[in-house]
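Numbering (my numbering), first residue to last: 205 to 321.
No residue lacks a Cβ here, since even glycine has one placed at the ideal position from N, Cα and C.
Contents: one structure, followed by commentary.
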């Protein structure tokens, strides 16, 4: 990877999660070969829960709450409708852009769309 992009992976900050089905000997050999520590689970990645459960909506609660806090702060500043719309389109729609590139979540998009109304 670093030959093509001239970027290097920081192995001190890197970690990997392996399936429960991988035994301890194999875990240790992977960690030694790659020079990366093995952990049980990642809590968050770019503000999202790294491992989702059965309910996909739980994964996006953090983004929804972050957007809602921004809107509540703007409401206290007595902005007119046009300025709120510009803020929503420029700020709030950029927050979940990474997530939208990875996941399909139409209900969450519909909820964010209700901010405009």
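- Taking residue 207 as the centre and dropping the five residues before and after it, the same chain places no C-beta closer than 6 Å to its C-beta.
- Taking every protein chain shown into account, the CB of residue 271 has 16 or more other CB atoms within 10 angstroms, so this residue is buried.
- Residue 238 places its beta carbon 9 Å or farther from that of residue 222.
- Per DSSP, reduced to three states, the secondary structure at residue 294 is helical.
- Residue 210 is not a Cβ neighbour of residue 241, given a cutoff of 9 Å.
- Within the DSSP secondary-structure output, residue 241 pairs in a beta bridge with 219.
- Residue environment: residue 296 is assigned as buried (16 or more neighbouring CB atoms within 10 Å of its CB, all protein chains considered).
- Taking a C-beta distance under 9 Å as the contact criterion, residue 275 and residue 293 do not qualify as a contact pair.
- Residue 267 sits buried, since 16 or more C-beta atoms from the chains shown fall within 10 Å of its C-beta.
- Ranked by how close their Cα comes to the Cα of residue 224, the residues 244, 234, 232 and 233 have 244 in first place.
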